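Q: As given, the protein sequences belong to chains A and B, one line each in that order.
Here the first sequence is numbered in our numbering, starting from 1 and rising by one per residue.
Here the second sequence is numbered in our numbering, starting from 1001 and rising by one per residue.
Note that the Cβ used here is the ideal one computed from N, Cα and C, for glycine as well.
Every value quoted in this text rests on a predicted model; they were computed, and no experiment measured them.
I have a structure here, written as structure tokens, and I will follow up with some questions on it.
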Amino acid sequence: MTTEEIYIAQSTDIACSTLGDDTIIMSTLDSTVFMLNAVGTAIWKAADGEIPLSRIVQEQVCSQFEVAEDLALADAKEFVGELAQHGILSITSTPHSPSEVL
Amino acid sequence: MTLIEEMNQKATQLGVPLSAHLDITWRCNERCVHCYLDHDGKGEMTTAEIKSVIRQLSECGTFFLSISGGEPLLRRDCFEILEYARALRLNVKLKTNAVMIGPKESARIKQLGIEQVQISLYSHRAETHDAITKLPGSWRRTMDAIGRLKADGVKISLTNVLMTYNSGHAKAVKRLANDLGVGFVVDPTITPKLDGDWSITKLGISSKELEEIYHTEEFVGNVGEFCAPVSEVDEDVLDGYSCSAGHTLAYISPFAEVFPCVQFPMSCGSLREQSFREIWWHSKQLGELRSVHVRDLHTCSHCTHAGSCSRCPGLAYMEGDFRGPSSQDCEKSYVRTGIPSAAQTAAMSRVPAASSGLVQITQAAFNAPS
Chain A
1 MTTEEIYIAQ
11 STDIACSTLG
21 DDTIIMSTLD
31 STVFMLNAVG
41 TAIWKAADGE
51 IPLSRIVQEQ
61 VCSQFEVAED
71 LALADAKEFV
81 GELAQHGILS
91 ITSTPHSPSE
101 VL
Chain B
1001 MTLIEEMNQK
1011 ATQLGVPLSA
1021 HLDITWRCNE
1031 RCVHCYLDHD
1041 GKGEMTTAEI
1051 KSVIRQLSEC
1061 GTFFLSISGG
1071 EPLLRRDCFE
1081 ILEYARALRL
1091 NVKLKTNAVM
1101 IGPKESARIK
1111 QLGIEQVQIS
1121 LYSHRAETHD
1131 AITKLPGSWR
1141 RTMDAIGRLK
1151 ADGVKISLTN
1161 VLMTYNSGHA
1171 KAVKRLANDL
1181 GVGFVVDPTI
1191 TPKLDGDWSI
1201 TKLGISSKEL
1211 EEIYHTEEFV
1221 GNVGEFCAPV
1231 SEVDEDVLDG
1241 YSCSAGHTLA
1251 YISPFAEVFP
1261 CVQFPMSCGS
1271 LREQSFREIW
1281 WHSKQLGELR
1291 SVHVRDLHTC
1301 SHCTHAGSCS
1311 RCPGLAYMEG
1321 DFRGPSSQDC
1331 EKSYVRTGIP
1341 SAAQTAAMSR
1351 VPAASSGLVQ
1361 ITQAAFNAPS
């Protein structure tokens, strides 16, 4: 597993709402719908483009859900990668500039 | 279960208005022969009022928002409203006749990320479409707009409402939609006017034509499955609801009134007097509607079609009792399966035995009130 930091930011090309503990997200580009569970929602809410994913996992996932950090980070990378494929998130290796962030 | 079904189930459990239909005006530049609305614009919500309604919906958990009318683009603030809804990250569909969508409007719709534009197209023939809309040249203008939106990459769905005027045109409109690369929905329901006038329902297609539609794969998919004569009526069906109206769906009129659905004219409160949250959670009418499960329906609960019927409680309400059957849906179930509904069977048993032939009996017994 690489230790290189990644940064995630919510796209503007989405529709999104909360449903109980879950989050519904639809890409307006390809109409793909995702329903994120509580863990996914925690990552999604923290996707401001400025906090590295590893810190989001530490602070939003490992502190609230009983899961090993390296496992959680690997899962989180897979998860954000899938969302990025549908234009729901953007992933960069440096923090997003404010103009890039929703 | 699909993800959308899962979302709807969860929204029902939580009582979240996942979908909302907001008519921003009832004014229209067309005068469709089958339209159920009047076109009076007096007392319409202001821009600020509409934005407030959209914000309240978003805060209550609405995800799917249909902006409709009347013709929504007749309002000069239509794009301001769409932009506001998209800024709240709602999934927005725009229902329009599209005649006012020029290059600028089309580009703006794309830029705003409108999920879909739903356009009424009554025929592949200009003269038929224009005869229905009573707006000369409307077919040409609508078709031009469809081309523009398509070129801009906007998702489009054509709605083809079936009636006597365009009888037999559905297949050609479906082919046209395929050729254009856009979605297609066929709608065989003529909704009575919201003031209780049923006269326009006489424009509805014949049972024979409806039967043809229901037995054509390109309209219904798997015909055998769609027309399966009997569906299981188990505890899950009896514990369920007829539709999402008032459960996960709300309709808001241009005059700030809340209803369970656009086709269910039971006013539940005014947003000029109460918040949406107050109405959604505390309206006596919505409470009563939500208390009615399929098992509580006096006729439909013991109907063989209870598990598969498209029963519309709004149409039943307009017939006088939302716990009762909806004649149009009884007819659809009958045409689909060949088996009369419980309401139809009961009506037939009341027809004098001297009546000559089942067809005449069914015609007489199954018609909606006029």
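#1: Between which two residues does the beta strand (DSSP E) harbouring A/Cys16 extend?
#2: Which chain A residues sit within Cβ distance under 8 Å of B/Thr1096?
#3: Take every Cβ of the segment 1295-1313 of chain B, pair it with every Cβ of the segment 1230-1238 of chain B, and state whether three or more of those distances are shorter than 8 Å.
#4: Given that A/Ile24 touches chain B, what residues does it touch there, using C-beta distances under 8 Å?
#5: Should B/Asp1329 go down as buried or exposed, given a rule of 16 or more other Cβ atoms within 10 Å for buried?
#6: By the 7 Å beta-carbon criterion, what residues does the segment 1078-1089 of chain B contribute toward chain A?
#7: Check whether the segment 1285-1303 of chain B touches the segment 1048-1066 of chain B, counting contact only when three or more Cβ pairs, one atom from each stretch, lie closer than 8 Å.
#8: Check for me: the beta strand (DSSP E) holding B/Val1220 runs from which residue to which?
#9: Should B/Ile1109 and B/Met1163 be called a contact, given that it needs their Cβ atoms to be closer than 9 Å?
#10: To the nearest angstrom, report how far apart B/Arg1027 and B/Ile1339 are at their CA atoms.
#11: Looking at B/Lys1174 and B/Asn1160, is the spacing between their C-beta atoms short of 9 Å?
#12: Where B/Ala1098 and B/Gln1118 are concerned, what is the direct C-alpha to C-alpha distance, given to the nearest angstrom?
#13: Closer than 9 Å by beta-carbon distance: list the chain B residues that pair up with A/Leu19, in chain order.
#14: Name the two residues that bound the continuous alpha helix (DSSP H) containing B/Val1335.
#15: Assign B/Glu1127 to one of two classes, buried (16 or more other C-beta atoms within 10 Å of its C-beta) or exposed (fewer than that).
#16: Counting only C-beta atoms, is A/Ile14 closer than 9 Å to chain B at any point?
#17: Identify, in the order they occur along the chain, each residue of the same chain with its Cβ nearer than 6 Å to the Cβ of B/Leu1135, setting aside the five sequence neighbours on each side.
#18: Pull up the distance between the alpha-carbon of A/Thr23 and that of B/Gly1015, whole angstroms please.
#19: Nearest by alpha-carbon distance to B/Arg1272: which of B/His1293, B/Thr1025, B/Ala1048, B/Ala1020 is it?
#20: Taking the alpha-carbon positions, what's the B/Gly1183 to B/Ser1120 distance?
#21: Quick check: what's the CA-CA separation for B/Ser1349 versus B/Glu1044?
#22: Helix, strand or coil, according to DSSP, for B/Leu1094 in the structure here?
#23: Are the C-beta atoms of B/Ile1119 and some chain A residue less than 9 Å apart?
#24: Would the beta-carbon of A/Ile6 fall within 9 Å of that of A/Ile91?
A: Based on what the coordinates show:
#1: In the first sequence, residue 16 of chain A corresponds to position 16, counting from 1. From DSSP, the beta strand (DSSP E) with A/Cys16 extends over 14-19.
#2: Within the second sequence, the letter at position 96 stands for residue 1096 of chain B. Going along chain A, no residue has its Cβ under 8 Å from B/Thr1096, so there is no contact; the nearest lies around 18 Å.
#3: In this structure the segment 1295-1313 of chain B touches the segment 1230-1238 of chain B; the number of beta carbon pairs closer than 8 Å is three or more.
#4: Here the question's residue 24 of chain A lines up with position 24 in the first sequence. Under the 8 Å cutoff, chain B gives Met1007, Phe1063.
#5: Counting from one through the second sequence, the residue named residue 1329 of chain B turns up at place 329. By the Cβ neighbour-count rule, B/Asp1329 is buried, with 16 or more other Cβ atoms within 10 Å of its own.
#6: So the list reads Arg1089, given in the order they occur along the chain.
#7: Counting Cβ pairs under 8 Å, fewer than three are found: no touch.
#8: Residue mapping note: residue 1220 of chain B aligns to position 220 of the second sequence, counting from 1. Segment 1217-1220 is the alpha helix (DSSP H) holding B/Val1220; no beta strand (DSSP E) there.
#9: Within the second sequence, numbered from 1, the residue matching residue 1109 of chain B stands at position 109. Within the second sequence, numbered from 1, the residue matching residue 1163 of chain B stands at position 163. No. Outside cutoff.
#10: Within the second sequence, numbered from 1, the residue matching residue 1027 of chain B stands at position 27. Within the second sequence, numbered from 1, the residue matching residue 1339 of chain B stands at position 339. Going by the C-alpha atoms only, they are around 41 Å apart.
#11: Stepping through the second sequence from its first residue, residue 1160 of chain B is reached at position 160. Stepping through the second sequence from its first residue, residue 1174 of chain B is reached at position 174. Their beta carbons are under 9 Å apart, which means B/Asn1160 touches B/Lys1174 by this criterion.
#12: Sequence index remark: in the second sequence, residue 1098 of chain B carries index 98 (1-based). Sequence index remark: in the second sequence, residue 1118 of chain B carries index 118 (1-based). Linking B/Ala1098 to B/Gln1118 through their CA atoms gives a straight-line distance of about 9 Å.
#13: Numbered from 1 along the first sequence, position 19 holds the residue referred to as residue 19 of chain A. Within chain B, the residues near A/Leu19 are Met1007, Lys1010, Ala1011, Leu1014, Val1016, Leu1018, Gly1061, Phe1063.
#14: Here residue 1335 of chain B refers to the residue found at position 335 of the second sequence. In this chain, the alpha helix (DSSP H) harbouring B/Val1335 covers 1327-1337.
#15: On the second sequence, position 127 is the one that residue 1127 of chain B refers to. Here B/Glu1127 is exposed, its C-beta having fewer than 16 other C-beta atoms within 10 Å.
#16: Counting from one through the first sequence, the residue named residue 14 of chain A turns up at place 14. Judged by the 9 Å Cβ criterion, A/Ile14 is in contact with chain B.
#17: Along the second sequence, read from residue 1 onward, the residue named residue 1135 of chain B stands at position 135. Around B/Leu1135: Glu1030.
#18: Here residue 23 of chain A corresponds to residue number 23 of the first sequence, with the count starting at 1. Here residue 1015 of chain B corresponds to residue number 15 of the second sequence, with the count starting at 1. Those two C-alpha atoms are separated by around 16 Å.
#19: The residue labelled residue 1272 of chain B in the question sits at position 272 within the second sequence. Checked all of B/His1293, B/Thr1025, B/Ala1048, B/Ala1020; the closest Cα to B/Arg1272 is B/Ala1048.
#20: Counting from one through the second sequence, the residue named residue 1183 of chain B turns up at place 183. Counting from one through the second sequence, the residue named residue 1120 of chain B turns up at place 120. Between the alpha carbons of B/Gly1183 and B/Ser1120 lies a distance of about 12 Å.
#21: Within the second sequence, numbered from 1, the residue matching residue 1349 of chain B stands at position 349. Within the second sequence, numbered from 1, the residue matching residue 1044 of chain B stands at position 44. As the crow flies, the alpha-carbon of B/Ser1349 is around 48 Å from that of B/Glu1044.
#22: For the purposes of this step, residue 1094 of chain B is taken as residue 94 along the second sequence, with counting starting at 1. The answer is strand: DSSP assigns B/Leu1094 an E or B state.
#23: Walking along the second sequence from the start, residue 1119 of chain B turns up at place 119. No, its Cβ sits nowhere closer than 9 Å to a Cβ of chain A.
#24: On the first sequence, position 6 is the one that residue 6 of chain A refers to. On the first sequence, position 91 is the one that residue 91 of chain A refers to. Their beta carbons are under 9 Å apart, which means A/Ile6 touches A/Ile91 by this criterion.
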